[in-house]
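Just so you know, the working numbering puts the end of the sequence shown at 1434, numbered straight through with nothing missing.
We put the beta carbon where it would ideally sit given N, CA and C, even for glycine.
Below: the structure, in structure tokens.
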Amino acid sequence: MSDTEEVNTVKLATAGFDARFPNTNQTKHCWQNYVDYYKCINARGEDFAPCKQFYRAYHSLCPNEWVSKWDEQRESGNNPSNFEV
């Protein structure tokens, strides 16, 4: 490799360990991060950096089909969770 070539590095990360969910089944962990993200942005706004942790965690843990379904339910007001703080 020559001195003029740029080296592009990509950092891949997944959700860290959460002591509330010690088992290998991460379904509840996925759901809780989804709910926490929307509660966080409703309380602090989308630009609040700590909310991004929940976003990255649920995108890492949850199947896309689940997220799509939950988004549709949330937007139509049929999601069983309360997203208000």
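For this session: Please look up how many angstroms separate the CB atoms of residue 1411 and residue 1387, rounded, as I've assumed it's under 8 Å.
Result: Their Cβ separation, rounded to whole angstroms, is 13 Å, which puts residue 1411 and residue 1387 out of contact at 8 Å.
Problem set entry | Rounded separation between residue 1401 and residue 1427 - CA only | 24 Å
Exercise. On the premise that residue 1367 lies in contact with residue 1378, defined as a C-beta separation below 8 Å, what is that separation, rounded to the nearest angstrom?
Worked result: 6 Å
For this session: Kindly indicate which residue of 1359, 1398 and 1375 has the alpha-carbon position closest to the one of residue 1407.
Result: 1375
Problem set entry | Counted within 10 angstroms of its Cβ, other Cβ atoms place residue 1381 as buried (16 or more) or exposed | buried
Exercise. What three-state label does DSSP hand residue 1401 in the structure shown?
Worked result: helix
Exercise. Where does residue 1369 sit, in a helix, a strand or coil, going by DSSP?
Worked result: coil
Problem set entry | Simplified DSSP assignment, three categories, for residue 1416 | helix
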